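Residue numbers for the sequence shown follow UniProt numbering, so the first one is 1 and each next one is one higher.
For each residue, glycine too, the CB sits at the ideal point set by N, CA and C.
Since we're looking at a predicted model, the values are computed, not measured.
Single-structure report; data block below.
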Amino acid sequence: MSISLRKTIQKDSFEEAINTALALKENFKKRAEHVDREGVFPHENFQDLKNHNFLSLTIPKEYGGKGLNLLEFLTIQEHLAEGDAPTALSLGWHLGTLLEAAENRHWSGNSFADLSRKVVEHKALINLAQTERATGSPSRGGMPTTSAVKKADGWLINGSKAFTSMAEALDFSVITATISGTNHKGFFLVNHQEKGVFVKETWDSISMRGTKSDDLLLKDVYVPQENLLVIEDGKNSIPKGWYLQVPAVYLGIAKAARNYAIAFASEYSPNTLSGPISDVPEVRRKIGKIELELFQARTILHAVAEKWVNHPEQRQNLATELAAVKHSVTNSANRVVDLAMRIVGARSLSVQNPLQRHFRDVRAGLHNPPTDDAIVYSLADAALK
1 MSISLRKTIQ KDSFEEAINT ALALKENFKK RAEHVDREGV FPHENFQDLK
51 NHNFLSLTIP KEYGGKGLNL LEFLTIQEHL AEGDAPTALS LGWHLGTLLE
101 AAENRHWSGN SFADLSRKVV EHKALINLAQ TERATGSPSR GGMPTTSAVK
151 KADGWLINGS KAFTSMAEAL DFSVITATIS GTNHKGFFLV NHQEKGVFVK
201 ETWDSISMRG TKSDDLLLKD VYVPQENLLV IEDGKNSIPK GWYLQVPAVY
251 LGIAKAARNY AIAFASEYSP NTLSGPISDV PEVRRKIGKI ELELFQARTI
301 LHAVAEKWVN HPEQRQNLAT ELAAVKHSVT NSANRVVDLA MRIVGARSLS
351 VQNPLQRHFR DVRAGLHNPP TDDAIVYSLA DAALK
């Protein structure tokens with residue numbers, strides 16, 4: 001197959017995915033208020049995603065997926081997040097985990113091929129479960145308290161994971177555990193049908209309620225030997241480019257808030273004015289600031305994602321840039337939602353108004369790892385080397 005034909009096929013796959021994402025966005029938007037109000041997992045949204053083969057977007061074509069790259073994946077995330085941010089963020093953990101494995105091919109044996117087949121053929125849903133209450137964010141470098149003890153033909157896993165998005169709907173988790181007798185961290189593929197896997201409902205957040213990020217409990221869970229995917233010793237770890245899905249989702253929230261505010265400003269005309277409030281200079285100034293924030297956020301996000309895709313030889317050195325993007329975009333997204341609410345006024349605080357949901361959801365981006373302080377210090381460390 002010629003290079004030009006391969007690029008044409010890839011472009012067609014991406015354009016098809018974009019068109020589907022735009023349609024799904026509208027469906028998700030109709031369900032978003034219910035998902036948020038009731039604090040339930042968006043099962044209908046995920047059934048739509050499965051029906052349109054979105055769970056395999058980042059799986060390589062050789063394994064039956066669409067083979068989308070990082071930038072294409074992020075673009076999809078932005079669109080879906082405009083409709084329902086918890087759905088997009090949750091999907092992103094699944095797709096990002098698969099994208100990392102597709103890029104690095106670092107899982108043991110045939111593990112990636114086998115899991116890809118389960119996703120493509122059976123619509124299996126996965127997530128990366130790392131965070132623990134005792135150690136906090138894995139970005140801080142703590143070793144997991146979850147343990148993996150070697151047995152004759154596999155491993156016995158004990159521990160718990162916090163903030164496990166989609167916990168109730170997952171088929172598999174890639175969990176981190178300290179390998180007994182070592183200082184190494186292992187990544188293990190856990191089948192949620194195995195005895196000893198439990199979900200404890202703990203998610204009571206006012207943000208991203210639909211992610212249902214409950215606790216995952218692991219009690220004497222047996223894992224076959226081949227399900228030890230990777231052993232990490234802290235050396236030569238590759239930055240996770242796919243974590244850019246986090247700022248991409250919050251950018252999508254900001255775009256949704258922007259669209260609502262502009263529509264409101266263009267239509268709302270109090271009897272004190274001869275036209276809509278979009279004619280008022282201060283409202284126009286706020287809209288201009290929104291546009292500037294979005295332009296800057298989108299530009300930096302896409303620029304670093306393009307560098308990741310087009311220059312794989314530089315990925316090892318992109319950690320600080322990836323972190324800077326997360327900081328810049330999530331903070332810009334928060335400022336955009338704030339400006340949108342200032343344009344709409346007190347109406348934006350109504351439970352019936354989507355802006356109050358966007359406000360609560362976008363705040364979560366400030367707490368997704370890495371956090372702002374860790375990012376700023378890492379940038380200083382890089383500059384002072």
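For A152, no alpha helix (DSSP H) encloses it, and the DSSP letter there is neither H nor E. Residue H311 holds the alpha-carbon nearest to the alpha-carbon of L70 among N53, D220, H311.
Close CB contacts of S269 within its chain, under the 8 Å cut and outside five residues either way in sequence, are with G275, P276, I277 (chain order). With three or more CB-CB distances shorter than 8 Å, the stretch 58 to 74 counts as touching the stretch 87 to 97. Less than 7 Å divides the Cβ of V223 from the Cβ of I157. Assignment of beta-bridge partners to S173 by DSSP yields N127, V190.
Secondary structure note for Y222: its beta strand (DSSP E) is the uninterrupted segment 214 to 224.
Under the DSSP assignment, F198 falls in the beta strand (DSSP E) whose first and last residues are 197 to 200. Boundaries of the beta strand (DSSP E) around L229: 228 to 232. Note that the C-beta distance between L125 and A169 is below 7 Å.
In the three-state reduction of the DSSP assignment, G288 falls in the helix class, which pools H, G and I. Taking C-alpha positions only, T320 is separated from N334 by approximately 21 Å. CA-to-CA, the gap between K25 and T272 works out to about 36 Å.
P86: member of the alpha helix (DSSP H) spanning 85 to 104, first to last residue. Of K286, P247, N317, the smallest CA-CA separation from T330 is found for P247.
When beta bridges are read from the DSSP output, T164 appears opposite D214. Secondary structure of I179 (DSSP, three-state): strand.
Note that the C-beta distance between N191 and F172 is below 7 Å. By the C-beta criterion, the stretch 192 to 204 is judged not to be in contact with the stretch 138 to 152, since fewer than 3 inter-stretch pairs fall below 8 Å.
In this structure, the alpha-carbon of S137 lies about 44 Å from that of P281. Taken through DSSP and simplified to helix, strand or coil, N53 comes out as coil.
When DSSP states are grouped into helix, strand and coil, N334 belongs to the helix group. The Cβ atoms of V119 and S56 sit closer than 7 Å to each other. Beta-bridge partners of E132 (DSSP): G136.
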